[in-house]
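Asker: First to last, the protein sequences are chains U and L. Per the numbering used here, residue 1 is the first one in the first sequence, and the count goes up by one each step. Per the numbering used here, residue 1 is the first one in the second sequence, and the count goes up by one each step.
2 protein chains.
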Amino acid sequence: MPNPHTALPVVGMVGGGQLARMTQQAAIALGIEFRVLADSPIDSAALVAANTTVGDYRDFEDLAAFAATCDVVTFDHEHVPLSHVEKLTSSGVLIYPGAHALPYVQDKIRMRERLAQLGMPVPAWAAVETVEDVEQFASEHGWPVVAKAASGGYDGKGVWLLRSSDDARPLLARGDVRLFVEENVAFTRELAALVARTPSGNSTAWPIVETVQSDGVCVEVVAPAPTLDDAKAQAAQQLALRIADELDVVGLLAVELFDRPGGVVVNELAMRPHNSGHWTIDGSTTSQFEQHLRAVLDWPLGDTAATAPVTVMSNVLGGDDGNAGLATRVPDVLDDPDLHLHLYGKGVRPGRKIGHVNICGDDVATLRARATRAADHLRRGAAT
Amino acid sequence: MPNPHTALPVVGMVGGGQLARMTQQAAIALGIEFRVLADSPIDSAALVAANTTVGDYRDFEDLAAFAATCDVVTFDHEHVPLSHVEKLTSSGVLIYPGAHALPYVQDKIRMRERLAQLGMPVPAWAAVETVEDVEQFASEHGWPVVAKAASGGYDGKGVWLLRSSDDARPLLARGDVRLFVEENVAFTRELAALVARTPSGNSTAWPIVETVQSDGVCVEVVAPAPTLDDAKAQAAQQLALRIADELDVVGLLAVELFDRPGGVVVNELAMRPHNSGHWTIDGSTTSQFEQHLRAVLDWPLGDTAATAPVTVMSNVLGGDDGNAGLATRVPDVLDDPDLHLHLYGKGVRPGRKIGHVNICGDDVATLRARATRAADHLRRGAAT
Numbered sequence: 001m002p003n004p005h006t007a008l009p010v011v012g013m014v015g016g017g018q019l020a021r022m023t024q025q026a027a028i029a030l031g032i033e034f035r036v037l038a039d040s041p042i043d044s045a046a047l048v049a050a051n052t053t054v055g056d057y058r059d060f061e062d063l064a065a066f067a068a069t070c071d072v073v074t075f076d077h078e079h080v081p082l083s084h085v086e087k088l089t090s091s092g093v094l095i096y097p098g099a100h101a102l103p104y105v106q107d108k109i110r111m112r113e114r115l116a117q118l119g120m121p122v123p124a125w126a127a128v129e130t131v132e133d134v135e136q137f138a139s140e141h142g143w144p145v146v147a148k149a150a151s152g153g154y155d156g157k158g159v160w161l162l163r164s165s166d167d168a169r170p171l172l173a174r175g176d177v178r179l180f181v182e183e184n185v186a187f188t189r190e191l192a193a194l195v196a197r198t199p200s201g202n203s204t205a206w207p208i209v210e211t212v213q214s215d216g217v218c219v220e221v222v223a224p225a226p227t228l229d230d231a232k233a234q235a236a237q238q239l240a241l242r243i244a245d246e247l248d249v250v251g252l253l254a255v256e257l258f259d260r261p262g263g264v265v266v267n268e269l270a271m272r273p274h275n276s277g278h279w280t281i282d283g284s285t286t287s288q289f290e291q292h293l294r295a296v297l298d299w300p301l302g303d304t305a306a307t308a309p310v311t312v313m314s315n316v317l318g319g320d321d322g323n324a325g326l327a328t329r330v331p332d333v334l335d336d337p338d339l340h341l342h343l344y345g346k347g348v349r350p351g352r353k354i355g356h357v358n359i360c361g362d363d364v365a366t367l368r369a370r371a372t373r374a375a376d377h378l379r380r381g382a383a384t
Numbered sequence: 001m002p003n004p005h006t007a008l009p010v011v012g013m014v015g016g017g018q019l020a021r022m023t024q025q026a027a028i029a030l031g032i033e034f035r036v037l038a039d040s041p042i043d044s045a046a047l048v049a050a051n052t053t054v055g056d057y058r059d060f061e062d063l064a065a066f067a068a069t070c071d072v073v074t075f076d077h078e079h080v081p082l083s084h085v086e087k088l089t090s091s092g093v094l095i096y097p098g099a100h101a102l103p104y105v106q107d108k109i110r111m112r113e114r115l116a117q118l119g120m121p122v123p124a125w126a127a128v129e130t131v132e133d134v135e136q137f138a139s140e141h142g143w144p145v146v147a148k149a150a151s152g153g154y155d156g157k158g159v160w161l162l163r164s165s166d167d168a169r170p171l172l173a174r175g176d177v178r179l180f181v182e183e184n185v186a187f188t189r190e191l192a193a194l195v196a197r198t199p200s201g202n203s204t205a206w207p208i209v210e211t212v213q214s215d216g217v218c219v220e221v222v223a224p225a226p227t228l229d230d231a232k233a234q235a236a237q238q239l240a241l242r243i244a245d246e247l248d249v250v251g252l253l254a255v256e257l258f259d260r261p262g263g264v265v266v267n268e269l270a271m272r273p274h275n276s277g278h279w280t281i282d283g284s285t286t287s288q289f290e291q292h293l294r295a296v297l298d299w300p301l302g303d304t305a306a307t308a309p310v311t312v313m314s315n316v317l318g319g320d321d322g323n324a325g326l327a328t329r330v331p332d333v334l335d336d337p338d339l340h341l342h343l344y345g346k347g348v349r350p351g352r353k354i355g356h357v358n359i360c361g362d363d364v365a366t367l368r369a370r371a372t373r374a375a376d377h378l379r380r381g382a383a384t
């Protein structure tokens, strides 16, 4: 049911976080109607999108009622119960990424099994249920090992570095989380590949970026990844495009990669706009948010070229002086006339991702310094 | 009263057209709350902005109630009664552009008087009340003369080319419109200067652009204006910056110019985001919509440099096969992967401005051809 005023299609996004908020900006330009199913009226996207429904994505009735108002449904997170997605699909709802692709982001054990089947480079790994399983893995690959929750983790949550059996014991004793372990990859840096794919199978890849994490949270992205040789960059793009094809992903696919001298290995997948692609809003011909909409609509994809030699993205994390503190500092950082500010309208809590800044130019070091200065200033608490 | 969730300021825009719609996109990034006073719930901006109030800007109570929810009030058109603006200002409302600046865009006779006083280059002109006044002017400056309504004109409406007294007679006989006449300027092309100014008096200018009109409607903008020599470009920027200062404009000021071999003369002024600045969304570090928000908030202004050697903007006009026709053609034009589409969500009527496309690159002729092809295809009616 296209919008009655414009005859253009209606895209619904399940989840009202910052990804939906920024997708709304892209939807405005395309002229399509964009609807959001948000948990609360003060969700990041709900604060700005005209067509917000407050409901619970875990409740099938809420989800089905929302889907009934849309031509295509997509997600700003990966937590919608798979059984709901399957049921909607079988009732004729277009929903992307689909029920056959989502398991690989909802369950990291299934993702690793599948990627290994496909011959993709992945770290050595094993599903574990007992301390003995962990010890067995460590005897082959050495301590420390990295333990991860099969589902539900994000921003460093659900990841544990185990240095010995003593570290493993309390984690395995919890019994509330399916776990696997993987080798502690000796990477030189982290990269990310971002691609988009349509239901017709058309796909595009943005330049490979370098991502910088701190305490498991992405704090900085440099696009394109500095000093990455062309062959490795192209291999990483091809790897992501192939995963998108093999898993029949529709919409965006982000592939987080560990860079090692011998080549990259896959760390994580996400099937939605991704933090590693926020730079595209100001640094690429087509932003990841517009591309996601084009993809789920099966429209032609936009050009993914970088529009500047370098774009640096820094995440803005909450400081310790709340919203009022942040608000007083916003005009300060705009003193850098090249800075692109993106705030999410979220309540400020220490360390919470509340926005990002982008800056485009020529010199990596200078741009990193300017982006970091802005992000740090916005985070600064009253006490510092 | 800043937004209670973010502590960031609330900007209200009177008018729910496409300018408010595109300002909403910029407001989302800045994290501020953006409120719209729209005539109808299906106004261009009302379709997308979460905080829309439907009301009548001609009704002081509606306007005052809206203003009471905002920290700063601004406009997407220039039709708010001046007496209302004065009354709001005297009750302490921050409203930009202010009551002392608005008369110069609400009344073109006052604008020409003031610019002449300031020694600005303007065409020869005279207010006229009778056919004899027109004949007197023509005897000095020759036929044809251009007659204009002092207020209410836009997109070619309110402008008449008078070739003789016979043309003048019916117009002067109407008696429902205050008129002036001006020389039919022998211009080589039309240019536009766009600047922004804060209440503190900071200001910035974008590169001078060339605008192309058809039947009085802007159909194309090329940024920067091709083959414009630096001295003339800088003079045009300085002229616009000086007008902004002298008239104490806050927010955006667009100055439409006639280019003549001897120099530019001022044609029209607008104190709001302007069609000649739509290219900035994709072709400048800071878009006119973001800059307008920064200006009315008295925040630092962003950089106005072009981010590509050339950006071409083509307006999309409605075809004769309505919304359904347009909707089927939208995916077609996205086949050009560099095209930036901006649709306004407006009902399609033949010749109505319903969107624009931007395209950035190196070669003026190629970019014009690609932008025109897309705009023409979107306009094409079923019969053509």
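Virtual Cβ for every residue (Gly too), placed ideally from N, Cα, C. Please read these numbers as outputs of a predicted model, since none were measured by experiment.
1) Where does the unbroken beta strand (DSSP E) through U/T74 begin, and where does it stop?
2) Can you tell which of U/I243, U/V219 and U/L257 has the C-alpha that lies nearest to the C-alpha of U/E117?
3) Please return the same chain residues whose Cβ sits closer than 8 angstroms to the Cβ of L/V48, not counting the five positions on each side in sequence.
4) So if I threshold CB-CB distances at 9 angstroms, which residues from the region 294-320 of chain L count as touching chain U?
5) Counting contacts by CB-CB distance shorter than 9 angstroms, is L/K346 in contact with chain U?
6) L/G142 by DSSP, collapsed to three states: which one?
7) Nearest chain U C-beta to L/A382 closer than 9 angstroms, yes or no?
8) Could you say which of L/W143, L/H274 and L/P309 lies nearest to L/T285 if we only look at CA atoms?
9) Determine, using beta carbons only, whether U/L326 and L/L8 come nearer to each other than 9 angstroms.
10) Give me the Cα-Cα distance between L/D376 and L/V316, rounded to the nearest whole angstrom.
11) Less than 6 angstroms between C-beta atoms, sequence neighbours within five positions excluded: which residues of the same chain meet that for U/T53?
12) Three-state secondary structure (DSSP) at U/K108?
13) Where U/S83 and U/R379 are concerned, what is the direct C-alpha to C-alpha distance, given to the nearest angstrom?
14) Does U/Q24 come within less than 9 angstroms of chain L when only Cβ atoms are used?
15) Contact between the region 285-299 of chain L and the region 340-357 of chain L is defined here as three or more beta-carbon pairs at a separation below 8 angstroms; is this criterion met?
16) Please report how far the alpha carbon of U/H292 lies from the alpha carbon of L/L341, in whole angstroms.
17) Short of 8 angstroms in beta carbon distance, which residues of its chain neighbour L/L334, apart from the five on each side in sequence? Order them along the chain.
18) Please report whether the beta-carbon of U/F34 lies at a distance below 9 angstroms from any beta-carbon of chain L.
19) L/R114 to L/A233, Cα distance in whole Å?
20) Please report how far the alpha carbon of U/R197 lies from the alpha carbon of U/V249, in whole angstroms.
21) In chain order, what residues of the region 346-360 of chain L put their CB closer than 7 angstroms to some CB of chain U?
22) Flag this pair as yes or no: are the beta carbons of U/H274 and U/M313 separated by less than 9 angstroms?
23) Taking the alpha-carbon of U/L241 as reference, which of U/V255, U/D229, U/L228 and U/D230 has the nearest alpha-carbon?
24) Just to check my reading of the structure: L/N358 and L/D303 have Cβ atoms closer than 8 angstroms, yes? What is that Cβ distance to the nearest angstrom?
25) Identify the continuous beta strand (DSSP E) that holds L/G283 and give its terminal residues.
26) Could you list which residues in chain U have their beta carbon closer than 9 angstroms to that of L/H342, in chain order?
27) Return the chain-ordered list of same chain residues with a C-beta closer than 6 angstroms to the C-beta of U/V134, the five sequence neighbours on each side being excluded.
28) Output the boundary residues of the beta strand (DSSP E) element that contains U/N51.
29) My assumption, with CB atoms under 8 angstroms, is that U/V266 sits in contact with U/P121. Please give the rounded CB distance.
30) Closest Cβ-Cβ distance between L/H292 and chain U: below 9 angstroms?
31) Could you give the residue range of the alpha helix (DSSP H) that holds U/S83?
32) Would you identify the three-state DSSP class for U/N3, choosing helix, strand or coil?
33) For L/G67, which residues in chain U fall below 7 angstroms Cβ to Cβ?
34) When you check each C-beta in the region 93-127 of chain L against every C-beta of chain U, which residues fall closer than 9 angstroms?
35) By Cβ distance below 6 angstroms, which residues in the same chain neighbour U/Q18 in space, the five residues on each side in sequence not counted?
36) If you draw a straight line from the C-alpha of U/G201 to the C-alpha of L/R329, how long is it?
Answerer: Put simply:
1) Taking the first residue of the first sequence as 1, we reach residue 74 of chain U at position 74. Unbroken beta strand (DSSP E) run through U/T74: V72 to F75.
2) On the first sequence, position 117 is the one that residue 117 of chain U refers to. For the record, residue 117 of chain U in the displayed sequence is Gln; it is not Glu. The option with the nearest alpha carbon to U/Q117 is U/I243.
3) Start at 1 with the first residue of the second sequence, and residue 48 of chain L comes out as number 48. These residues qualify, in order along the chain: R21, Q24 and G345.
4) R294, L297, D298, W299, P300, L301, G302, D303, T304, A305, T307 and A308
5) The residue given as residue 346 of chain L occupies position 346 in the second sequence. Closer than 9 angstroms: yes.
6) Translated into positions along the second sequence, residue 142 of chain L becomes position 142. If DSSP states are grouped into helix, strand and coil, L/G142 belongs with coil.
7) The sequence position of residue 382 of chain L within the second sequence is 382, counting from 1. Residue placement at L/A382 is flagged as unreliable, the pLDDT there being 49, under the threshold of 50; a coordinate-derived value is accordingly withheld.
8) As a working mapping, residue 285 of chain L is identified with position 285 in the second sequence. Among L/W143, L/H274 and L/P309, the Cα nearest to that of L/T285 is on L/P309.
9) Walking along the first sequence from the start, residue 326 of chain U turns up at place 326. Walking along the second sequence from the start, residue 8 of chain L turns up at place 8. Going by C-beta atoms, U/L326 is nearer than 9 angstroms to L/L8.
10) On the second sequence, position 376 is the one that residue 376 of chain L refers to. On the second sequence, position 316 is the one that residue 316 of chain L refers to. Taking the CA atoms as reference points, L/D376 sits about 7 angstroms from L/V316.
11) Against the first sequence, residue 53 of chain U aligns to sequence position 53. Same-chain partners within the cutoff: L37 and F66.
12) By one-based count along the first sequence, residue 108 of chain U stands at place 108. Correct three-state label for U/K108: helix.
13) In the first sequence, residue 83 of chain U corresponds to position 83, counting from 1. In the first sequence, residue 379 of chain U corresponds to position 379, counting from 1. Approximately 40 angstroms between the Cα atoms of the pair.
14) For the purposes of this step, residue 24 of chain U is identified with residue 24 of the first sequence, where counting begins at 1. Yes, contact with chain L.
15) Three or more Cβ pairs closer than 8 angstroms define a contact, and the region 285-299 of chain L falls short of that threshold against the region 340-357 of chain L.
16) Sequence index remark: in the first sequence, residue 292 of chain U carries index 292 (1-based). Sequence index remark: in the second sequence, residue 341 of chain L carries index 341 (1-based). A direct Cα-Cα distance of roughly 15 angstroms separates U/H292 from L/L341.
17) Indexing the second sequence from 1 puts residue 334 of chain L at position 334. Cβ within range, chain order: L341.
18) Translated into positions along the first sequence, residue 34 of chain U becomes position 34. So yes, U/F34 belongs to the interface.
19) What you label residue 114 of chain L is simply residue 114 of the second sequence in a count that begins at 1. What you label residue 233 of chain L is simply residue 233 of the second sequence in a count that begins at 1. Taking the straight line from one Cα to the other gives about 23 angstroms.
20) Position 197 of the first sequence holds residue 197 of chain U. Position 249 of the first sequence holds residue 249 of chain U. Rounded to the nearest angstrom, the two C-alpha atoms are 7 angstroms apart.
21) Flagged, chain order: G347 and G355.
22) For the purposes of this step, residue 274 of chain U is taken as residue 274 along the first sequence, with counting starting at 1. For the purposes of this step, residue 313 of chain U is taken as residue 313 along the first sequence, with counting starting at 1. Cβ distance not < 9 angstroms, so U/H274 and U/M313 don't count as in contact.
23) Residue numbering aside, residue 241 of chain U sits at position 241 when the first sequence is read from its first letter. For the residues U/V255, U/D229, U/L228 and U/D230, the minimum Cα distance to U/L241 belongs to U/V255.
24) Counting from one through the second sequence, the residue named residue 358 of chain L turns up at place 358. Counting from one through the second sequence, the residue named residue 303 of chain L turns up at place 303. Actually they do not touch by this definition, with Cβ atoms about 18 angstroms apart.
25) Counting from 1 along the second sequence, the entry for residue 283 of chain L is found at position 283. Segment T280 to G283 is the alpha helix (DSSP H) holding L/G283; no beta strand (DSSP E) there.
26) One-based indexing of the second sequence puts residue 342 of chain L at position 342. Near L/H342 (Cβ distances below 9 angstroms), the residues of chain U are I28, A29, L30 and G31.
27) As a first step, residue 134 of chain U is located in the first sequence; it is residue number 134 there, counting from the start. Beyond the five residues adjoining it in sequence on each side, U/V134 comes within less than 6 angstroms, by CB distance, of V128, A168 and V181 in the same chain, given in chain order.
28) Working through the first sequence from its first residue, we reach residue 51 of chain U at position 51. Start and end: N51 to V54.
29) Walking along the first sequence from the start, residue 266 of chain U turns up at place 266. Walking along the first sequence from the start, residue 121 of chain U turns up at place 121. 6 angstroms between Cβ atoms; contact.
30) Here residue 292 of chain L refers to the residue found at position 292 when the second sequence is read from its first residue. For L/H292, the answer is no, since every Cβ of chain U falls outside 9 angstroms of its Cβ.
31) Here residue 83 of chain U is taken as the residue at index 83 of the first sequence, counted from 1. Element bounds for U/S83: L82 to S90.
32) On the first sequence, residue 3 of chain U is found 3 positions in, with the first residue counted as 1. Correct three-state label for U/N3: coil.
33) Within the second sequence, numbered from 1, the residue matching residue 67 of chain L stands at position 67. In the sequence under discussion, the amino acid at residue 67 of chain L is Ala, which differs from the Gly named in the question. Neighbours of L/A67 on chain U: none; closest Cβ ~21 angstroms, over 7 angstroms.
34) none
35) Along the first sequence, read from residue 1 onward, the residue named residue 18 of chain U stands at position 18. S44 and Y344.
36) Within the first sequence, numbered from 1, the residue matching residue 201 of chain U stands at position 201. Within the second sequence, numbered from 1, the residue matching residue 329 of chain L stands at position 329. Straight-line Cα distance between these residues: approximately 21 angstroms.
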